[in-house]
Structure formats: structure tokens, C-alpha cells
Amino acid sequence: MHKREEGRGGKPVLLVILDGVGLSEKDHGNVVKHAELPNLRYLKEKGVFCTLKAHGRAVGLPSDKDMGNSEVGHNALGSGQIYAQGARLVNEAIESGRILESATWKNAVSHAKSHSLHLLGLLSDGNVHSHIDHLKALVKQAKIEGIKKVAIHALLDGRDVAAQSAHVYIKELEDFLAGLNDPAFHARIVSGGGRMVISMDRYNADWAMVERGWRTHVLAEAKVFPSALDAVEYFRRESPGIIDQDIPPFVIGNEAGEVKPIVDGDAVILFNFRGDRAIEISRAFEEGDNFREFDRIRVPKVYFAGMLEYDGDLHIPKNYLVDPPHIEHCLTEQMNRYGLKQFALSETQKFGHVTYFWNGNKLEPFSEELEVWQEIPGDQINFALKPWMKSYEITEALLEAIAGGEYDFLRVNYPNGDMVGHTGDYQASLIGLEAVDLALGRLIEAVDEAGITLILLSDHGNCEEMYQEDPKLNPKAQAKTSHTLNPVPCIIYGHPGLRLKEGEFGLANIAATIAKLLHFPAHPQWEESIIE
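Just so we're aligned: the sequence shown equals residues 22 to 553 in this note's numbering.
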């Protein structure tokens, strides 16, 4: 390993993203506070420290009551700007009526009037992948449009909301439907299952999840129950302690016990607005005979649409209700203009975040010459069983990249704080974060030797609040598997003499900060740097 000479980009910069690591004053369930993190403490003591906003309006969400997530967080980091994001985009489209004026909605209505409208998506108000209010708005409008039958395929959350809250959302939806149903209109839940069991895989990690979803939603092949509540109660009795995201697939029979598959002529709308976990099920509906991921058995001829376009490069899906944010002038593009070479690294679970989301929802690099991406294949496992995940392999790859001395900017995501935090397992989350701290110790030596500036931050909170109390659900504390509204740490190490500006800053301010450290001009549309 050698000390890299400063070129036109100045001293190289390494950005380390500790995914899901926020800061909270709470003691109970605070992994960040109670884990042994000597290297993180060292960086805070020796570097320049501040906190950043990583939720709500600071990352383009509707209000400061909306928790951040990895997707909008990496969009903000990589673009240096605050764009209206998924939930906010959909809210505005519904409030203005624009969503109902779209050709996609009109085509879906045209198909569904003589057949059925199927609405598939995550049933919660987590506002990360979907919102129950968006589902209600579509059902309500379907009745106004004269559609007679609406079938709802409810994916259960327990990840962006309380771990065992499915019954709350099912009851809310069924009460809503009961107020709409009459002899001329009938809407009901027809299938469901946990989001980590069916339908919502991402990054081609586990297509068997999508196959289970296809068999459940399309073919109506799963254990049959009289209602979604009956299904949830049954699986909780069978597996005490099971959280909603892990509930097996189920279908709901009507009064005669008949199930409702998706058939030719139906319209299907995937009402999730976030892209990563919507792409694969969209492909299953849209791709023709060249689809090879699993045997679909029967492929109905339906009109399929998504809430948004989930992949802007591959145009998945072909039809969508709301235009996604068109992100321009990313940090990567600006670096490319000045010939700065970049390296992006993570394991499968967050690889798309340091590439696709970082680059403004683009699947491919802007420059094959200047951008090098490396994915460490992740495990298909409950991460509570292996909370260190691929932190060792990520670190080995990163140390090799640093030693090569060819990169002006390196970025890496350690997923442990988020992915293990989502399991709700406090002890596993402690181990996961401590494993990352061990990696930080190795990185500190490497950046010191190579003469690199290290920026360490997080994209949103999670593992700093592993327990919650919700009187609506249970007066006793229970596992918390969702993100938080807490600020995140930001440390700049290895660049003596830096001075922070006064004020409150968010993730979008980091692009201009990196530009300042690397001595190239920030784009005029970026948020300002946090350093003088």
C-alpha cells in the first residue's frame, strides 16, 4: 500500500455508509449506544463531527413525520439535491387528480369494467414502499368509474411499521371496504403473505420469493382462509412470535369458498411506489416467452401497470400511473466531467443503493472508464443468524481498491445496521454493528497510510431503536423493525483544519462537501457544502 499522490482531484475521499445507524438519546434498545464501538468513537474524537437529517422533507418525503430509507437517502447523497420522492409524488398526483387523468389509469379502468381490477402491494402506512391511503384512493375511484369487482392482494409489512401490526391494517382496510361495498360494487382481499416470503425480492437475490407470490396472487394456490385476519391469526398460533414480514402465503375464499385467480382480461396495478422490490414481480407479469426466472404455469393476458416506473433504463413497467422524479446533475456525472475515477462497493443487499440509486435511478454507469462497481454476493438467510453479513469480504475488497491507488473517490455501504436491524433481534444487531466496527479499525489504518480523507455517515436510522411501545398494539415493549426519524452521524476524518458551517444540514449537502474536498466545482443546483 502506498500514499497516493494528489492529482487534479486533490486528496482522495472514501465515503463509508453505515446503513441504518442513527443517533438517539433513548437507552432501551439502543444498539448504537450499547455496542462496543471503539473505532467509531476514535473517528468521532479525531475527526470533525456533526449530525445530518435523513428523513422527511430533507430527503424529499411529504413531511418530517416520514422516516427516511436507503433509497431516498442514496438519491439525496448521490444527487446533492432534494427531489420529491415516491410517497410525495403519489400524494401530489392523487390530490391534484393527475393520477386519474393518466392514460394508464383510463386503460386499466377500460379493462376492469368488463372484468376485475386487481390491486397488489404492501398493506401499511410505512410510506417507504406504499401507503394504505393510496390503495384506498384507487379503490374509491374504481367504484366511481363503474368498476364492479376489485380484488386486493395484500402483502404484509412488519418491517417499516410495527413487527406485528398486520391485523391493524387489515381491519382498517376491511372497514373501509365495508363502507363502499353494495350490490353493484364489491371489493375484498383475495390473497396475501409476508413481504419477505412472497413477491418483494430485489436485485435478483431470491426469485423463489417472486414465484411464491405469482402462485399466490395469479394462480390462487395457497392455503385458503375465510378472511385475511383468520390467516394472520392462524399463522401466529402456528408460529408464536412470527413477525408479519415472515407470514406464509394465503388466499381468501368467498362465501362459497371459491378463490379469485387473475385471469385473461383483468387489469392489475402494483400500487407500491418504490422501485427496487417492485421490478421482479413486474417482469413476471410483463415479459413474454423469454422469461426464464421460474415456470409461471399460466400467464394471463392482463393490462399491467405500476404506481411508478420502477426502472427508468429498462422501462419497467411499460405502464405506470405517476412519473418518477427525473434526477439530473448527479455527483457522479460532475466527477466524470473532471476525469475523476470512482469505485462503488457493497454486498448484494445494498449494492443497488451505491450504484442505481446513487446515480439517480440509473442501472448502468455513466462512464465505463471512470466508474468501477463491485458487488459482493450476499447470503439468502435471516441475517439474525449471521449478523456480520459480508463485512469481512467488503473490507477486503475495499482495502485492495485503496491499495491500488487509482481512485479519486470510493464509496461503500455496510448493510448490517439496517438489514440485521430489520430482523428485530437486539443481540444480533449488537454483533452486526460490532463486526462493522472491526472493519472500521482496518480502514482507519489504510486511510492513514494512503493519505485519504474518510467521510463516515448513515443514510437513515434503524438499529438505535430496537424496541417500541405502541398502546394501539400492545402496552408492552416489542421489537421494532422499522426505520426511525432520528438524525444520523457524519464524521470527516483525515483532513485537519476543516471547519463546519453553522446550520442544519441533510444528506443532500454531502455531494458539495465531497466536491470541496476533491477540489472540483459543485454543480449550481446542489445543496451547499457543510464545510467552509
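Here a beta-carbon is modelled for each residue, glycine too, at the ideal position from N, C-alpha and C. Note that the structure is a prediction, hence the values are computed from the model and not measured.
message: Classify H336: buried if its beta carbon has 16 or more other beta carbons within 10 angstroms, exposed otherwise.
response: exposed
The beta strand (DSSP E) with A208 in it runs from where to where?
H207 to G215
Between which two residues does the beta strand (DSSP E) carrying M328 extend? Y324 to L329
TODO: Compute the Euclidean distance between the alpha carbons of T369 and S248, then round it to the nearest angstrom.
DONE: 36 angstroms
How is K170 classed by DSSP in three states: helix, strand or coil? strand
>> Extract the residue ranges of the alpha helix (DSSP H) inside the region 505-537, only unbroken runs of 4 or more that lie entirely within it.
In response: none
Margin query: Just to confirm my understanding: we take D40, look at its own chain, exclude 5 residues before and 5 after, and list those with CB closer than 7 angstroms. What are they?
Written below: S91, K371, N434, Y435, P436, G438, D439, S479 and D480
ask   = Under a three-way DSSP split, which group does I452 fall into?
value = helix
- Query: Rounded to a whole number of angstroms, what is the C-alpha to C-alpha distance between Y514 and N340?
  - Reply: 46 angstroms
### Message
I want to know whether the region 536-549 touches the region 94-105 - three or more CB-CB distances under 8 angstroms.
### Response
yes
*asked:* Just list the residues that DSSP pairs T72 with in beta bridges.
replied: P510
> Taking one C-beta from the region 314-321 and one from the region 230-250 each time, how about it: are there three or more such pairs within less than 8 angstroms?
Replying inline: yes
Nearest-angstrom Cβ-Cβ length linking L539 and D469, presumed shorter than 8 angstroms
That belief does not hold up - the Cβ atoms of L539 and D469 are roughly 19 angstroms apart, past 8 angstroms.
| message | Per the DSSP calculation, S248 is bridged to which residue(s)? | response | Paired residue(s): none; S248 is not in a bridge.
For this session: Go through its chain and collect everything with a Cβ distance to C511's Cβ below 6 angstroms, but skip five positions before and after it.
Result: C71, L73 and L478
**Prompt:** By the 10 Å Cβ neighbour count, where 16 or more other Cβ atoms means buried, how is D85 classified, buried or exposed?
**Reply:** exposed
Can you check the region 386-453 for any alpha helix (DSSP H) of at least 4 residues that lies completely inside it and give the ranges in chain order?
412-425 and 437-440
Q. Opposite V272 in the DSSP bridges: which residues?
A. S212 and V245
My guess is that V231 and A208 are in contact by the Cβ rule of under 8 angstroms, so how many angstroms apart are they, rounded? The Cβ separation is near 25 angstroms, so there is no contact.
In this structure, how does DSSP classify F197 when only helix, strand and coil are distinguished? helix
Environment of F294 [buried if 16+ CB atoms lie within 10 Å]: buried
Please state whether DSSP places K493 in a helix, a strand or coil.
-> Residue placement at K493 cannot be trusted, given a pLDDT of 48 that sits under 50; what the coordinates show is reported in the next sentence. It is coil, neither helix nor strand.
Drop a sphere of 10 angstroms on the beta-carbon of D332, count the other beta-carbons inside from all chains shown, and report buried for 16 or more, exposed for fewer. buried
Discussion item. Does the structure place the region 277-294 close enough to the region 122-132 that three or more beta carbon pairs sit under 8 angstroms?
Written reply: yes
* Helix or strand or just coil, what does DSSP make of V42? -> coil
query: According to the Cβ coordinates, are F256 and I264 closer than 8 angstroms?
result: no
Buried or exposed for R258, going by 16 or more other Cβ atoms inside 10 Å?
exposed
Q.
If you measure between the beta carbons of I273 and S212, is that distance less than 8 angstroms?
A. yes
Open item on the list: Alpha carbons only, please: which of E354, L419 and D400 is nearest the one belonging to S388?
Closed with: E354
**Q.** Classification of R520 by the beta-carbon crowding that lies within 10 angstroms, buried from 16 upward
**A.** exposed
ask   = Can you tell me whether Q489 is buried or exposed, with buried defined as 16 or more other CB within 10 angstroms of its CB?
value = buried
Report task. Within its chain, find whatever has a CB closer than 8 angstroms to the CB of E307; leave out the 5 residues flanking it on each side and keep chain order. Result -> F325, I337, P338 and K339
Requested in this report: Use the C-beta contact count for Q62: other C-beta atoms within 10 angstroms, 16 or more gives buried, fewer gives exposed.
Outcome: Gln is not the amino acid found at residue 62; the sequence shown has Arg there. Counting Cβ neighbours within 10 Å, R62 comes out exposed, since fewer than 16 surround it.
- Query: When you compare each of G482, A500, F541 and I531 to H76 by their alpha carbons, which one comes out closest?
  - Reply: G482
Extent of the continuous alpha helix (DSSP H) to which A129 belongs: A124 to K134
| Alpha carbon to alpha carbon, how far is R463 from Y447? | 25 angstroms
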